[in-house]
Amino acid sequence: GGAEGGGEGEAEGGGEAEGAAAVLPGGCGAEELFMSGHELRSCLRIDKQCARENKALLGLVAQGNVRLLRVRDAKGRTLARAAARLLARRDTHAPLLLVDQPLFAGRCDQGTQRPRLEAELLRQAAR
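Per my numbering, the sequence shown starts with residue 1394, numbered consecutively.
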């Protein structure tokens, strides 16, 4: 997985140094992907009530082209997350980055906080 973010709105991952390899934001480890639904209590949590969605969760892990982007608060709790997939266009085979609709923690207000968190997730994806 990526490095833990420390402050509110701080992204996971690292910066780029001159001559150093780029560090991709987010994480793609199997455990992180399998546990992605638990903290925000989404339908992708491993639970008998979500058995149908667990097929989709297994697909995320098996594809190998998914990174989980997160924004955390100062206590390390997830405020928002989105899955990003690297795909290719059918016609040109050019790379295409698909970012899923973000999920937000219930404590995030829709008026001000959610647009800022979504912008941060998209910023991470664009790195």
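In this text, a Cβ means the ideal position worked out from N, Cα and C, and glycines have one as well.
DSSP three-state assignment for residue i, whether helix, strand or coil
| i | result |
| --- | --- |
| Arg1463 | strand |
| Arg1474 | strand |
| Ala1481 | strand |
| Leu1510 | helix |
| Leu1433 | coil |
| Gly1452 | helix |
Beta carbon of residue i nearer than 8 Å to that of residue j
| i | j | result |
| --- | --- | --- |
| Leu1472 | Ala1498 | yes |
| Leu1510 | Val1464 | yes |
| Leu1479 | Leu1462 | no |
Exposed unless 16 or more other CB atoms sit within 10 angstroms - verdict on residue i
| i | result |
| --- | --- |
| Ala1444 | exposed |
| Pro1418 | buried |
| Gln1517 | buried |
| Gly1406 | For Gly1406, the predicted model reports a pLDDT of 43, less than 50, meaning its position is unreliable; a value from the coordinates is still stated below. The residue in question, Gly1406, is buried, as its Cβ has 16 or more Cβ neighbours within 10 Å. |
| Pro1495 | buried |
| Gly1422 | exposed |
| Ala1519 | exposed |
| Ala1364 | Here the chain covers residues 1394 to 1520 and nothing more, so residue 1364 does not appear. |
| Leu1453 | buried |
| Gly1504 | exposed |
| Ala1426 | The amino acid occupying residue 1426 in the given sequence is Leu; Ala does not appear at that position. With 16 or more Cβ atoms within 10 Å of its Cβ, Leu1426 is classed as buried. |
| Glu1513 | buried |
Neighbourhood of residue i by C-beta, 6 Å cutoff - its chain only, sequence neighbours within 5 removed
| i | result |
| --- | --- |
| Gly1400 | Per-residue confidence for Gly1400 stands at a pLDDT of 40, beneath the threshold of 50, marking its modelled position as unreliable; no derived number is given. |
Cβ-based neighbour list, residue i, same chain, cut-off 7 Å, excluding 5 preceding and 5 following
| i | result |
| --- | --- |
| Ala1476 | Leu1453, Val1459, Leu1461, Asp1493 |
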